[in-house]
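Peer 1:
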Amino acid sequence: KTGSMGRPCPGFTVVLLDPVTGQPGAAEGEISLDLAGHPVGLMTGYHGDPDRTAEVMAGGYYRTGDIGARDEDGYITYVGRSDDVFKSSDYKISPFELESALLEHEAVAEAAVVPAPDPLRLSVPKAYVVLAEGWEPGPETAKVLFEHSRAVLAPYKRLRRLEFAELPKTVSGKIRR
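Position 32 (the sequence shown) corresponds to 160 in the numbering used here; numbering is contiguous.
Laid out in structure tokens, this is it:
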């Protein structure tokens, strides 16, 4: 399906582990491989790093650190990294999902979403946006992007703050959060 990573290959049992309990069966959770089936080609551990091996090969699963969602047809869609996810009003928010939603709008060339402190919700999604050519930063453009956010995201995932700014990058060109 368009937008998904597809279904697991034969010989690989992919489970989504609940990020809080670590139990399998979550509709959205950490993408993990069941080690009981001895997946062909999967590493047995990190060379010389037993602590890291124990961390990722835990409870009978190889934990990738990626968060995904499985649909009714078994297709898995990437949501983000488990270390990027933050909480807002006790909801888990994936910056990747919000950034993807912003990038669907013609005004947005680049976007990064981070948690911003909030006295009521603890943290809220804040977007840093680089505008596409022909768009000017200002209240009207911000209004357009907030309206787009409301149209495509669940209420608890909507942007609460927005700033137009150049995004800092790593040497490899990835956005530095």
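Beta carbons are placed, not taken as given, at the ideal position from N, Cα and C, and that holds for glycine.
As the structure is a prediction and not an experimental result, all values here were calculated from the model.
Following the continuous alpha helix (DSSP H) through V236, name the residue where it begins and the one where it ends.
Peer 2: Counting along the chain, V236 falls outside any alpha helix (DSSP H), though it belongs to the beta strand (DSSP E) covering V236 to D246.
Peer 1: Determine, using beta carbons only, whether E232 and Y256 come nearer to each other than 7 angstroms.
Peer 2: No, these two residues do not count as a Cβ contact at 7 angstroms.
Peer 1: L287 and L248 look like a contact to me (Cβ under 8 angstroms); what is the Cβ gap, rounded to whole Å?
Peer 2: Contact doesn't hold; Cβ gap of about 16 angstroms is too wide.
Peer 1: Given Y203, which residues of its chain have a CB within under 7 angstroms of its CB, disregarding the five upstream and five downstream residues?
Peer 2: The answer, listed in chain order, is K129, S132, G134 and R135.
Peer 1: Output the boundary residues of the beta strand (DSSP E) element that contains D179.
Peer 2: From DSSP, D179 is part of no beta strand (DSSP E) but of the alpha helix (DSSP H) over P178 to V184.
Peer 1: From the DSSP output, in three-state form, read off G187 for me.
Peer 2: Coil at G187, not helix or strand.
Peer 1: Give the range of the alpha helix (DSSP H) segment to which S228 is assigned.
Peer 2: Counting along the chain, the alpha helix (DSSP H) containing S228 begins and ends at P223 to L231.
Peer 1: Should Y190 and L161 be called a contact, given that it needs their Cβ atoms to be closer than 7 angstroms?
Peer 2: Yes, the Cβ-Cβ distance between Y190 and L161 is below 7 angstroms.
Peer 1: Determine, using beta-carbon pairs with one atom in the segment 156–171 and one in the segment 137–145, whether at least three such pairs fall under 8 angstroms.
Peer 2: The segment 156–171 vs the segment 137–145: in contact.
Peer 1: Pick from V184, G139, E183 and A186: whose alpha carbon is nearest that of G169?
Peer 2: Minimum Cα distance to G169 is reached at G139.
Peer 1: On the DSSP bridge list, what partners appear for V258?
Peer 2: The partner list for V258 (beta bridge, DSSP) reads E238.
Peer 1: Grouping DSSP H, G and I as helix and E and B as strand, with all else coil, what is G196?
Peer 2: Three-state DSSP puts G196 in a strand.
Peer 1: Would you tell me roughly how many angstroms separate the C-alpha atoms of P245 and K254, rounded to the nearest one?
Peer 2: Taking the straight line joining both Cα atoms gives about 9 angstroms.
Peer 1: Could you check whether the segment 272–283 touches the segment 208–217, counting it as contact only if at least three pairs of C-beta atoms, one from each stretch, sit closer than 8 angstroms?
Peer 2: The segment 272–283 is not in contact with the segment 208–217.
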